[in-house]
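> Let me give you the structure first, and then I'll get to my questions.
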Amino acid sequence: MVDISGSRAVVEALRQEKVDSVFGMPGGANLPIYDAMWDSGIRHILVRHEQSAAHMADGYARVSRRAGVCMATSGPGATNLVTGVATAFADSSAVVAITGQVPVPMMGRNSFQETDIVGVMTPVTKYTFQPLSVQEVPVSIRKAFYIANTGRPGPVLVDVPKDIQQEVADVEFPEAVDVRGYVPYPPVEQAAIEKAADILINAKRPILMGGGGVRISDAAEPFQAVAELLVSPVITTLQGKGAFPEDHPLSLGPIGMHGRAEANRLVSECDALLAVGVRFSDRTTGTASEFGKDAKIIHVDADATEFNKNKEVFFHIQGDAKDVMTRLHAALVRRCAKKGADNPWLKRVNEVREQMKGIPAYADNGSELTGPKIIRKLREALPPEAILTTGVGRHQMWCEIHYQVLRPRTWVTSTGLGTMGFGLPAAIGAKVARPDVPVVDLDGDGSFIMTENALATAVEERIPVVSVVLNDNSLGMVEQWQRLMYDRHFIGIKLGRSTDLVKVAEAHGAYGRKVGSLDEFSSAMKEGVMTDVPMVIEVPISSEEDVYPFMPPGRALKETVVGPPKELAVF
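Everything in the sequence shown is counted per the working numbering, starting at 501 for the first residue and increasing by one.
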């Protein structure tokens, strides 16, 4: 037992969780916690907007496999966290959000900067805590980290009233906690593993599908081992990029609305689909009833609520992906030797690959600066271990198609919520977690300007991230939809030329450079990776350049459009 204030209890609990960095902003309702952090040894990174604090914590978590921590005061400080917390929830990212709250006697009285943030956050968090005594503080923090990091990760809120922060009492710091009814890792039945192995070994056209759950559980190694044993092609979701090296001969790349054309076609031809750590999002599957309708789908996931929610499957296995894939590989080894590389399914895969090489989406359109060319140059400029974050929009979809992710935890993007403004703060959080590798944010102008004030944080905290901004002076993804589906009725998309991104960078103390050719871009990237100052590289592109392949909303994967309507329609 220790005689300690609630605020000191918060900070000591964070120290016991080995938290090294906190992203946040102080205010009246959390000042006692900030005062306790003053001599704690925990690095505090001051944001310019609380939304960015949550995104930074999210980016930190995704590359480190440790919960990221963000802080805000009550009222608007706490509500400003919501978009970032909801983003983490949608993508199963471990974030612990700690907010200040008005004193307990003032709660429910419409007090200054009072918001029922527990009520607000409950739908977009894995769990919420509001300790109402000093003794509850250490237990709440320990449980928050346990819940956030285990099973299917997700954000957890701890809302601490100010009087609890100030009160002093004898408290105990638990070494371990038990959350009643919470079983993050249920035992996996061996019979289910054997059944899956039988289906896959007897399949003539198997495909493996990797989602974000492969990254989360560090299952990339056994996942790849199963694919290689079966000599099975591999597809991924957008969140799953990096689950399997995309330069591997068996990689077909991502599927979905802007997946690769060959992946979208071949998944419709498989007779067995092993889907690991996916949620069968509508952006991935298109019309769910048409997706894999002729295949025996085996769904592996840590979260039982995902089973048969979006897609009815042949059968499912609940468990940690790394454990399941390791045991599945052993079961397959017992059944067979490696399949021959000359099997008919691989011949079909290579045939489709050859057919798709000449489609307009992948061909050179003659322009010097295009989204795909820039992204391919970016891949050439970065080492395999470099981390790429993105904003949300057309640039993100070009990355999905053209940027090869070679290692797990080097691809960070917002998929479930699709949050514009995510890229820059996520890059900052990722760089704090991994200062030893280059971190680049690939962004669009519309997405970048939503959180560009995070540059000030990067400069002041000496966090050297590079932002590559494809600038078309438009909300490019929305413009494409209005062009293709709304008869070119353009409204509310033109950003104009009022924002000079180089001057924006310089105003914050960062280095800005605008490029006019691929050679200039390559030179700027070399400089950006080597410099210890945050850098913005502005790349002007045409707003008329659409992203293909494109599966229109509400359609099936087989209805993917692989090029402009006048050139190629549905494959």
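By construction, the Cβ of each residue, glycine as well, lies at the ideal position given by its N, Cα and C atoms.
Only counting the same chain, and skipping five residues up and downstream in sequence, which positions put a Cβ closer than 8 Å to that of Gln997?
A small fix is needed here, since residue 997 is Arg in this sequence, not Gln. Closer than 8 Å at Cβ, skipping near neighbours: Asn973.
> For the pair the stretch 514-529 and the stretch 546-560, tell me if three or more CB-CB distances fall below 8 Å.
A contact exists between the stretch 514-529 and the stretch 546-560.
> Any contact between the stretch 572-588 and the stretch 942-961? By contact I mean 3 or more CB pairs, one from each, below 8 Å.
Contact between the stretch 572-588 and the stretch 942-961 is absent, because fewer than three Cβ pairs lie under 8 Å.
> For Ala513, does the count of other Cβ atoms within 10 angstroms reach 16, so buried, or fall short, so exposed?
Buried is the call here.
> Residue range of the alpha helix (DSSP H) that Glu550 falls in?
Segment 550-564, the alpha helix (DSSP H) holding Glu550.
> Kindly give me the distance between the Cβ atoms of Glu746 and Leu906, rounded to whole angstroms, as I take these residues to be in contact under 8 Å.
About 7 Å separates the two Cβ atoms, so the contact holds.
> Beta carbon of Val969, beta carbon of Asp943: below 8 Å?
Cβ distance < 8 Å, so Val969 and Asp943 count as in contact.
> How should Thr628 be labelled, buried or exposed, when 16 other C-beta atoms within 10 angstroms of its C-beta is the threshold for buried?
Buried.
> Taking the beta carbon of Ser789 as the centre, do at least 16 other beta carbons fall within 10 Å, making it buried, or is it exposed?
Classification for Ser789: exposed.
> Using 8 Å as the limit for Cβ to Cβ distance, is Gly893 near chain C?
Looking at the structure shown, chain C is missing, and only one protein chain is on hand.
> Taking its Cβ as the centre, do 16 or more other Cβ atoms sit within 10 Å of Ser967, making it buried, or is it exposed?
Buried, since its Cβ has 16 or more Cβ neighbours within 10 Å.
> Can you check which of these residues, Glu812, Thr736, Leu708, is closest to Ala772 by C-alpha distance?
The option with the nearest alpha carbon to Ala772 is Leu708.
> Whose C-beta lies closer than 6 Å to the C-beta of Asp663 among residues of the same chain, with five residues either side of it excluded?
Only Pro603, Val604 meet the Cβ criterion.
> Can you list the beta strand (DSSP E) stretches of 3 or more residues lying completely in the stretch 648-680, in chain order?
Here the runs fully enclosed are 656-661, 668-671.
> Tell me where the alpha helix (DSSP H) around Met757 begins and ends.
Note, Met757: premise wrong, no alpha helix (DSSP H); not H, not E.
> Since Tyr627 sits in a beta bridge, which residues does DSSP pair it with?
DSSP, once it has assigned bridges, lists Val656 as partnering Tyr627.
> Give the secondary structure of Met897 by DSSP, where H, G and I count as helix, E and B as strand, and everything else as coil.
Reduced to three states, the DSSP call for Met897 is helix.
> For Ser751, count neighbouring C-beta atoms within 10 Å of its own C-beta (all shown protein chains included) and say buried if the count is 16 or more, exposed if not.
Buried, by the Cβ-count rule.
> Between which residues of its own chain and Gly792 is the CB-CB distance below 6 Å, once the five residues before and five after are set aside?
Closer than 6 Å at Cβ, skipping near neighbours: Leu773.
> On a CA-only basis, which of Asp503, Val624, Pro532 is nearest Gly916? Give me that one, please.
With distances taken between Cα atoms, Gly916 lies closest to Val624.
> For Gln980 and His989, which I take to be in contact (beta-carbon distance under 8 Å), what is that distance rounded to the nearest angstrom?
That pair is no contact at about 13 Å.
> Helix, strand or coil for His1008 per DSSP?
DSSP places His1008 in coil when its eight states are reduced to three.
> Spatial neighbours of Lys695 within its chain, please: C-beta separation below 8 Å, excluding the five flanking residues on both sides.
The answer, listed in chain order, is Phe815.
> Measuring straight from C-alpha to C-alpha, what distance separates Phe612 and Ile504?
Approximately 27 Å, taken between the alpha carbons.
> Report yes or no: do three or more beta-carbon pairs, one from the stretch 653-662 and one from the stretch 627-641, lie closer than 8 Å?
Contact holds: three or more Cβ-Cβ distances are below 8 Å.
> Taking the C-alpha atoms as reference points, what is the distance between Thr737 and Ile647?
Roughly 25 Å separates the two Cα atoms.
> In this structure, does DSSP put Arg997 in helix, strand or coil?
Reduced to three states, the DSSP call for Arg997 is coil.
> Can you tell me the Cα-Cα spacing of Ala881 and Leu1018, whole angstroms?
Cα-Cα distance, rounded: 12 Å.
> For the beta strand (DSSP E) that Arg907 lies in, which residues bound it at each end?
Per DSSP, Arg907 belongs to no beta strand (DSSP E) and is neither H nor E.
> What number of angstroms, rounded off, separates the C-alpha of Glu868 from the C-alpha of Thr910?
Taking the straight line from one Cα to the other gives about 28 Å.
> Just mark Met1030 as buried or exposed, buried being the case when its beta carbon has 16 or more other beta carbons within 10 Å.
Burial call: exposed.
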